[in-house]
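Residue numbers (full-length UniProt numbering), protein chains in the order written: chain R, 1 to 304; chain B, 1 to 304.
Just so you know, even glycine gets a beta-carbon here, dropped at the ideal spot from N, CA and C.
Note that the structure is predicted; figures quoted are calculated from it, not measured.
This report concerns only the one structure given below.
2 protein chains.
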Amino acid sequence: MSGPLINKFVVVGIGLIGGSLATGLKQRGACREVIGISRTPQSCADAISHGVVDRAYTSLREVASELGKGDIIFIAVPTLAVTAVLKEIQEVIDPAVTLTDGASVKGSVQKAAESVFGKVPAQFILGHPIAGSEKSGVTAANPNLYEHHRVILTPLENSSPEHLQQVTAMWQAVGAEVLSMSVEEHDQVLGATSHLPHVIAYSLVDTLAQDIGNPNIFRYAAGGFRDFTRIASSDPVMWHDIMRANKAAILASMDLFIDNLSRLRASIEHEDSEQLLRVFSRAKEARDDFTQMLAQRAVHKRLN
Amino acid sequence: MSGPLINKFVVVGIGLIGGSLATGLKQRGACREVIGISRTPQSCADAISHGVVDRAYTSLREVASELGKGDIIFIAVPTLAVTAVLKEIQEVIDPAVTLTDGASVKGSVQKAAESVFGKVPAQFILGHPIAGSEKSGVTAANPNLYEHHRVILTPLENSSPEHLQQVTAMWQAVGAEVLSMSVEEHDQVLGATSHLPHVIAYSLVDTLAQDIGNPNIFRYAAGGFRDFTRIASSDPVMWHDIMRANKAAILASMDLFIDNLSRLRASIEHEDSEQLLRVFSRAKEARDDFTQMLAQRAVHKRLN
């Protein structure tokens, strides 16, 4: 072996997602050096004092001249801030540097790259780690966050195989399983399995807090309610950005859900026992199959 | 002390709720004997072999003559089966025996008792333990299920203070905190904090399984989705019964939720950032306050 997988790993935006990948690569010796970029000097200082990065700067320009082949820039800023980062990259970063990102919506990143570069550059491999937490910020950074988690890459026709291989190896180095699909399928799948549940959780908590008209309502809620609404404690700004960035897919899945729920409402109103039992039973079956699949996947990982 | 709190504890319906209370009282020495009643002989045999009850019968009639003051009958059958049990009680059980139940909806039990007895008898204290699991059946019975959980009793004007005191002491003996409220408030509160989330979880899983049109959709869902939909693995028959029994309150809270979600949908469609951030932020705040209250309650319990 000729040394670590990655030479310099540069993380732009040192929050939970970026900080966890940085400290994960560092602890596993998968990169020679970790450089953090954050607009606020306090975040830079925090990232250094928490041992998440080796050096930190408030602008990518300060390290641009030292980056080349074998280095990776990971864009981990809120979705709607990606365009500004890409503009800076377009101006100062060498096309030999590998670029990737962790944004929850891929269509909006593709559009941002097209608006800045004309087309998505071959060096830029769009990606999304399916991991997270309702916690946020560099203090929540966890070197094992991605272990046994999936990362979806959405390479394009002109993506460079070398850069794709480098990004794949980077995620595998922190224990993630790497999958590939189209930008469109990614945004539809995540719209339904992640973005829709978040909107529902926010709306349910808001309904109880604002609309029910019983100020004691939460006093009698139990642990099941806490688990069900955990994702409503997620960062509002991040989720606002996702709603804007994946608007079409989210609206489409919200419409399907509101239709389904309205049909269920009619079955309750008309005391249609047969239909209620049919829906509850097939939902339970689908959900039990899903958890069995997750369990088998975990066993498979322990055996391999 | 003159011996255990309860003489004979009779549990009608030996599933998770009834079995857990039976084995909890037994293990704590809070009753002299536990008798199980189940219509199916196999359930009787299972309850005995799992050590959940001392004796078991397929009909309450077989033990009626031996029950009197100091004994408790706990009705733990599915909500819509309560009427049949009450009819048997009305025919063969002494008015000195304490009666209580664990059904999730109290208005329907009150109506059932009124239809059988004319009015709810003074010996019958309606109750509901706010505890459960997506598992069910006697094999899931857990003697510590109710520890640190709340039990809501809904006594009526003519309820007997002695029977109320006996039921309160019974729940405290297994570590539960006993609260009191009206039947109407109970059903509204539970409709919003428990029944509504269950309908939503069933409907969300069903939307993904039936309506999205992507057979691989669950392959890419993550642990967050598993936690969010855990309650969709609950027993379909039990939840069908609850939908029937608490129909009015559930429909009312579904309407409030569908309205709230539809307003959120409009904010997403019109990219109303201010409104999205306002809703997400106040939902996060309400949910964070709620979990802080649960945490303080847990600390308070450890200190006392």
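Residue i - containing beta strand (DSSP E), residue span
{"i": "R/L99", "result": "98 to 101"}
{"i": "R/Y57", "result": "55 to 57"}
{"i": "R/I73", "result": "72 to 75"}
Between the CA atoms of residue j and residue i - distance to the nearest angstrom
{"i": "R/S38", "j": "R/L67", "result": "17 Å"}
{"i": "B/L179", "j": "B/R150", "result": "7 Å"}
{"i": "B/M1", "j": "B/Q166", "result": "Note that B/M1 scores a pLDDT of 46, beneath 50, so its modelled location is shaky and nothing firm can be said."}
{"i": "R/P78", "j": "R/A141", "result": "16 Å"}
{"i": "R/V183", "j": "R/P121", "result": "15 Å"}
{"i": "B/V217", "j": "B/H240", "result": "Note on residue identity: the sequence assigns Ile, not Val, to residue 217 of chain B. Each residue's Cα considered, the two are about 27 Å apart."}
{"i": "R/F9", "j": "R/F280", "result": "48 Å"}
{"i": "R/Q42", "j": "R/Q27", "result": "23 Å"}
{"i": "B/I73", "j": "B/G15", "result": "15 Å"}
{"i": "B/K69", "j": "B/E185", "result": "31 Å"}
{"i": "R/W171", "j": "R/P161", "result": "16 Å"}
{"i": "residue 308 of chain R", "j": "B/A266", "result": "The displayed coordinates of chain R run from 1 to 304. Any statement about residue 308 of chain R would go beyond what the structure contains."}
{"i": "R/V237", "j": "R/A169", "result": "31 Å"}
{"i": "R/H128", "j": "R/I17", "result": "10 Å"}
{"i": "B/V34", "j": "B/L25", "result": "8 Å"}
{"i": "B/D235", "j": "R/A283", "result": "11 Å"}
{"i": "B/A84", "j": "B/E62", "result": "16 Å"}
{"i": "B/L294", "j": "R/I268", "result": "32 Å"}
{"i": "R/G191", "j": "R/R32", "result": "36 Å"}
{"i": "R/A131", "j": "B/S49", "result": "44 Å"}
{"i": "residue 309 of chain R", "j": "B/D272", "result": "The requested residue 309 of chain R does not occur in the structure, where chain R is confined to residues 1 to 304."}
Contact under 7 Å by Cβ, residue i with residue j
{"i": "B/L60", "j": "B/E88", "result": "yes"}
{"i": "R/A30", "j": "R/P4", "result": "yes"}
{"i": "B/L276", "j": "R/M254", "result": "no"}
{"i": "R/D187", "j": "R/A249", "result": "yes"}
{"i": "B/R287", "j": "R/T229", "result": "yes"}
{"i": "B/L145", "j": "B/S20", "result": "yes"}
{"i": "B/V52", "j": "B/V174", "result": "no"}
{"i": "B/N214", "j": "B/V105", "result": "no"}
{"i": "R/T291", "j": "B/R219", "result": "no"}
{"i": "B/G36", "j": "B/A47", "result": "yes"}
{"i": "B/T193", "j": "R/A221", "result": "yes"}
{"i": "B/S203", "j": "R/L251", "result": "no"}
{"i": "R/D54", "j": "R/N7", "result": "no"}
{"i": "R/D206", "j": "B/N158", "result": "no"}
{"i": "B/V116", "j": "B/L80", "result": "no"}
{"i": "B/A56", "j": "B/I93", "result": "no"}
Any non-hydrogen atom of the ligand SAM closer than 6 Å to residue i Cβ
{"i": "R/K247", "result": "In the structure on display, the ligand SAM does not appear, and there are no ligands present to speak of."}
Residues near residue i in its chain [Cβ-Cβ closer than 7 Å; skip 5 each side]
{"i": "R/M181", "result": "I152, T154"}
{"i": "R/E114", "result": "V120"}
Cutoff 8 Å; reference residue i; Cβ partners in own chain excluding five residues on either side
{"i": "R/G224", "result": "none"}
{"i": "R/V82", "result": "I75, D101, A103, S108, V109, A112"}
{"i": "R/F257", "result": "L196, I200"}
{"i": "R/Q90", "result": "V116, F117"}
{"i": "R/E285", "result": "none"}
Same chain, Cβ closer than 6 Å to residue i, neighbours up to 5 away in sequence not counted
{"i": "B/E95", "result": "Here residue 95 of chain B turns out to be Pro, not Glu, going by the sequence shown. Around B/P95: Q123."}
{"i": "B/G13", "result": "A76, V77"}
{"i": "B/A176", "result": "Y146, H149, V151"}
{"i": "B/H163", "result": "T98, Q123, I125"}
{"i": "B/L208", "result": "I217"}
{"i": "R/L156", "result": "V120"}
{"i": "R/I231", "result": "H198, A201"}
{"i": "R/P143", "result": "T23, G24, Q27"}
Span of the alpha helix (DSSP H) around residue i
{"i": "R/G3", "result": "Run containing R/G3: none; DSSP gives neither H nor E here."}
{"i": "R/G127", "result": "Taken as a continuous stretch (DSSP letters only), R/G127 belongs to no alpha helix (DSSP H), being part of the beta strand (DSSP E) at 127 to 130."}
{"i": "B/T83", "result": "82 to 92"}
{"i": "B/K111", "result": "107 to 117"}
Which runs of the alpha helix (DSSP H) spanning at least 4 residues fall entirely within the stretch 9 to 43 of chain R, listed in chain order? 16 to 27
Any chance you could list the beta strand (DSSP E) runs of at least 3 consecutive residues sitting entirely within the stretch 150 to 237 of chain B, in chain order? 150 to 153, 177 to 180
With a floor of 3 residues, list each beta strand (DSSP E) that falls wholly inside the stretch 232 to 300 of chain B, ordered by position along the chain. none
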